[in-house]
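Enquirer: Its first residue numbered 1, the sequence shown is counted upward by one per residue in UniProt numbering. Let me give you the structure first, and then I'll get to my questions.
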Amino acid sequence: MGLVLNRLLINKLKSSKNGFSVQEIEMVRNQQGNLKLRNIQKRKEKELTEKNIIIKLRQKMADERMQIKRRFFTWKQAITMLDADQSKKEWNDYFRIKALLQLKDN
């Protein structure tokens, strides 16, 4: 709305011969441009903060999920890994899964 008022003011200043100088008209135009730039900057800041919030939420969710060697797995997968054949188990993973399950139960 401020931009429309500034345009109307500029048009009135141009059409009327009431003694306004070119400098005053340019000053109003500069104010109008500055207002546009401020609006663009505010919008970009808002978009960046929203994006950062989404990224932080995803990181938090990823940190809460169970993972071994940077791979996520579900509870069903953990139980099947624990119940798998003893010869096929990797013992490091086995103990990590067991510890994670105990932590989750407590």
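The beta carbon of each residue, even a glycine, is placed where N, CA and C say it ideally should be.
Buried or exposed, going by whether 16 or more other CB atoms sit within 10 Å of the CB of Ile97?
Expert: Answer is buried; the Cβ neighbour count reaches 16.
Enquirer: What is the C-beta distance between Met81 and Phe72, in whole angstroms, given that I count them as a contact (C-beta under 8 Å)?
Expert: Rounded, the Cβ-Cβ distance is 13 Å, inconsistent with contact.
Enquirer: What three-state label does DSSP hand Arg71 in the structure shown?
Expert: DSSP, read as helix, strand or coil, puts Arg71 in strand.
Enquirer: So, helix, strand or coil for Met27, using DSSP?
Expert: helix
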